[in-house]
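Visitor: Numbering (full-length UniProt numbering), first residue to last: 1 to 132.
1. Given that a residue counts as buried once 16 or more other Cβ atoms are within 10 Å of its Cβ, and exposed if not, what is residue 107?
2. Got a sec, what are the start and stop residues for the alpha helix (DSSP H) residue 62 sits in?
3. Can you tell me whether DSSP reads residue 112 as helix, strand or coil?
4. Using the rule of at least 16 other Cβ atoms within 10 Å of the residue's Cβ for burial, across every protein chain shown, is residue 43 buried or exposed?
5. Which residue comes first and which comes last in the alpha helix (DSSP H) that contains residue 56?
Here's what the structure looks like:
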């Protein structure tokens, strides 16, 4: 019985030790950005192409500075959450080979009617319309 148990433990231990391996010390690998496109040659041109005044919010001098930028870096520069997410999303799309005119879009317009559904319409509380 003990021979069988020892064989079972040996077969279990390699799979158990494999899950203890860590990847925290290894550098993060990102896909390389596409080769230079006709109309986008600089990081500023890319930021201008994605719109939403991203070229005024960031000013990287080289492509490496732009691709190494992460969310906390953008937060330190004072960008709002929506702007950070949009810029990082656009960088991801461009890195995967799409052109900015294929994925860039304008921000959502401000809601015209605010409130909690039928109780508040056009900024006014709607009361009961029963005939009294």
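All residues carry an ideal CB built from backbone N, CA and C; glycine is no exception.
Guide: Working from what's here:
1. Numbered from its first residue, the chain shown carries residue 107 at position 107. Exposed, by the Cβ-count rule.
2. For the purposes of this step, residue 62 is taken as the residue at position 62 of the chain shown. It is not in any alpha helix (DSSP H) - residue 62 carries neither H nor E in the DSSP assignment.
3. On the chain shown, position 112 is the one that residue 112 refers to. Correct three-state label for residue 112: coil.
4. The count along the chain shown starts at 1 and reaches residue 43 at position 43. Burial call: buried.
5. Within the chain shown, the letter at position 56 stands for residue 56. It spans 54 to 57 - the alpha helix (DSSP H) in which residue 56 sits, taken as one unbroken run.
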